[in-house]
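Peer 1: Once you know that position 58 of the sequence shown is 50 in the working numbering, the rest is easy, because the numbers rise by one and skip nothing.
First the structure, then my questions, so here it is.
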Amino acid sequence: MSELMDSEKSRLSGAALAVVSSLYFLVAAIASHMVNTQYNFFQDYISDYAVGQGGWIFRSAFLASFVACIALPFALWQIAPHSAILNVGLGLLASAGIASLVDFQFATDILPPGAPPVTLSGNIHLAAALIGWIAFVVAALIISYRLKRVEILEKWIPSIIALAWLSIVLLLVLFAVVAVKIPFGGLAEKLFVLDRNFWMLLVSGLIFWQARQRRR
-7 MSELMDSEKS RLSGAALAVV SSLYFLVAAI ASHMVNTQYN FFQDYISDYA VGQGGWIFRS
53 AFLASFVACI ALPFALWQIA PHSAILNVGL GLLASAGIAS LVDFQFATDI LPPGAPPVTL
113 SGNIHLAAAL IGWIAFVVAA LIISYRLKRV EILEKWIPSI IALAWLSIVL LLVLFAVVAV
173 KIPFGGLAEK LFVLDRNFWM LLVSGLIFWQ ARQRRR
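Okay, structure coming up:
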């Protein structure tokens, strides 16, 4: 009995931490855009907002992303049926969080659309971002389909899966926009990041709600 209660408490704590961190990321992203008005919303990449005056706001969002991507797998482990493929998804989600931590530590280079980084820090930042993006979309897809086996989340599964697939589409759009150097890379990246954050919020919020319901 005590083990069951400990499991419920761990699930609730992990989900709550993921919810709070994801909400903080969203607030920090909005605030950084309001403070750093020198950047072009459509053209400049979101990591640019972590550089310069007021850059600490979005830098802190990288830390929030790291926390959310570590806390959510912990909560998911308590609720989803265990399998090898789920373990891969949870590991990839945690990897996406570690990539955010690397991006926090290494600042991006402020670049025109499609231009490659010119500093070591910029190259590390870009490499971590790419790894984190790809790790997330694969993780989201795996986890979304595994959650179909969680009965209490059944009616939300179509929305969760739709957001996972949309993240893949938006990431491909981002790659295409950057490859052809269209000056809308910033917008494409922000749409992808927004979708990613909504997926995190929805999944962690539902797990938190489910854990609260079970404790009543």
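For every residue, glycine included, the Cβ atom is placed at its ideal position computed from N, Cα and C.
As the structure is a computational prediction, the values presented were derived from the model and not from experiment.
Excluding the 5 residues preceding and the 5 following residue 134 in the sequence, name in chain order all residues of the same chain whose CB lies nearer than 8 Å to its CB.
Peer 2: For this step, residue 134 is matched to residue 142 along the sequence shown. Hits under 8 Å: 77, 78, 80, 81 and 84.
Peer 1: Tell me the residue span of the alpha helix (DSSP H) that contains residue 54.
Peer 2: Here residue 54 refers to the residue found at position 62 of the sequence shown. Run containing residue 54: 47 to 71, per the alpha helix (DSSP H) assignment.
Peer 1: At the level of alpha carbons, what is the spacing between residue 20 and residue 46?
Peer 2: Residue 20 sits at position 28 when you count from the first residue of the sequence shown. Residue 46 sits at position 54 when you count from the first residue of the sequence shown. Using only the alpha carbons, I get a separation of about 11 Å.
Peer 1: Check the C-beta distance from residue 204 over to residue 15 and give it rounded, since I have them as a contact under 8 Å.
Peer 2: The sequence position of residue 204 within the sequence shown is 212, counting from 1. The sequence position of residue 15 within the sequence shown is 23, counting from 1. That belief does not hold up - the Cβ atoms of residue 204 and residue 15 are roughly 17 Å apart, past 8 Å.
Peer 1: Suppose contacts are defined by Cβ-Cβ distances below 9 Å. Is residue 99 in contact with residue 185 by that definition?
Peer 2: Position 107 of the sequence shown, counting from 1, holds the residue named residue 99. Position 193 of the sequence shown, counting from 1, holds the residue named residue 185. Taking 9 Å as the Cβ cut-off, residue 99 and residue 185 do not qualify as a contacting pair.
Peer 1: How far does the alpha helix (DSSP H) with residue 107 in it reach, from first residue to last?
Peer 2: On the sequence shown, position 115 is the one that residue 107 refers to. Premise fails: residue 107 is in no alpha helix (DSSP H) and is neither H nor E.
Peer 1: Cutting at 8 Å between CB atoms, please list the residues of its own chain near residue 34, excluding the five before and the five after it.
Peer 2: Here residue 34 refers to the residue found at position 42 when the sequence shown is read from its first residue. Result list for residue 34: 175, 176, 178 and 179, in chain order.
Peer 1: Under 8 Å Cβ to Cβ from residue 194, same chain only, skipping five residues before and after it: list those, please.
Peer 2: The sequence position of residue 194 within the sequence shown is 202, counting from 1. Here the set comprises 148, 151, 152 and 155.
Peer 1: Ordered along the chain, which non-local residues of its own chain (more than five positions away) have a Cβ less than 8 Å from that of residue -7?
Peer 2: For this step, residue -7 is matched to residue 1 along the sequence shown. Legend: pLDDT at residue -7 = 42, less than 50; position of this residue unreliable, no value from coordinates given.
Peer 1: Taking residue 164 as the reference, give the member of 113, 122, 141 and 200 with the closest Cα.
Peer 2: Position 172 of the sequence shown, counted from the first residue, corresponds to residue 164. That would be 122, whose Cα lies nearest to the Cα of residue 164.
Peer 1: Please report the residue range of the alpha helix (DSSP H) in which residue 151 lies.
Peer 2: Reading the sequence shown from its first residue, position 159 is the one you call residue 151. Residue 151 -> alpha helix (DSSP H) spans 149 to 171.
Peer 1: Leaving out the 5 sequence neighbours to the left and right, which residues in its chain are closer than 7 Å to residue 198 when beta-carbon positions are compared?
Peer 2: Here residue 198 refers to the residue found at position 206 of the sequence shown. The residues are 145 and 148.
Peer 1: Give the secondary structure of residue 117 by DSSP, where H, G and I count as helix, E and B as strand, and everything else as coil.
Peer 2: To locate residue 117, count along the sequence shown from 1; it is residue 125. Helix at residue 117.
Peer 1: May I have the straight-line CA-CA distance separating residue 191 from residue 112, to the nearest angstrom?
Peer 2: Residue numbering aside, residue 191 sits at position 199 when the sequence shown is read from its first letter. Residue numbering aside, residue 112 sits at position 120 when the sequence shown is read from its first letter. Rounded to whole angstroms, residue 191 to residue 112 spans 32 Å at the Cα level.
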